[in-house]
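Structure record follows, encoded as structure tokens.
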Amino acid sequence: MDTIKVSQTLSISNHRVFSADLNEHDTVFGGKTLATIDDNSSIAASRLARIETVTASVDQVNFLMPFRLQDSMCMESYVSGVGSRSIEVFTKIIGEHLKTGERFLGLTCFSTFVVTQPGITLPQLVADKPEYVFVTEGYQQRRAERLAKLKRQEHFNGHISVNVPWQD
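As numbered in UniProt numbering, residues 1 to 168 make up the sequence shown, in order.
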């Protein structure tokens with residue numbers, strides 16, 4: 001079976017915070033952040049799969065510290081677990097106050113992508129840095145929790161109406 005190092009899936013992007021990025025609290029708008037997470041993490045998933053993948057879920061988004069005007073946001077995404085058709089990607093965003101050089105952990109997130117082509121064998125993951133070892137060690141537990149949540153969601157979905165609301 002093929003293997004790939006976690007570092008080979010790493011996708012990095014940097015963004016300077018401008019006033020157009022801010023919400024009414026003068027912090028970066030969360031929706032903008034989520035869009036950039038999806039963009040960056042999809043690259044990591046594609047570096048592992050080398051075929052088309054689609055976002056299945058964005059889990060455990062933790063907004064830890066706000067990003068403000070004159071900050072930079074350095075986003076790092078890498079594959080943190082591989083199933084038979086699914087790929088888990090971990091993303092962290094490191095903020096930097098550009099006037100002082102102070103760096104801070106602003107966000108962490110896990111996303112799940114799936115391959116669209118059946119019959120694909122995904123490579124096994126080799127964690128090649130201490131952080132990667134730590135993050136990948138929790139994959140099986142996170143996967144089990146996601147599968148349990150998916151079952152609960154399927155039950156929940158069965159009770160949600162898709163009828164046109166004004167025609168009930």
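Just so you know, even glycine gets a beta-carbon here, dropped at the ideal spot from N, CA and C.
- With contacts defined by Cβ atoms closer than 9 Å, alanine 20 and phenylalanine 113 do not form a contacting pair.
- For the pair phenylalanine 110 and aspartate 59, the CB atoms are nearer than the 9 Å cut-off.
- The beta carbon of arginine 85 lies closer than 6 Å to those of Val114, Val115 in the same chain, with the five residues before and after it left out.
- For serine 57, the CB contacts under 8 Å within the same chain, skipping 5 residues up- and downstream, are Ser111, Thr112, Arg146 in chain order.
- According to DSSP, phenylalanine 67 shares a beta bridge with no other residue.
- For asparagine 157, there is no enclosing beta strand (DSSP E); the residue is found in the alpha helix (DSSP H) stretching over 139-157.
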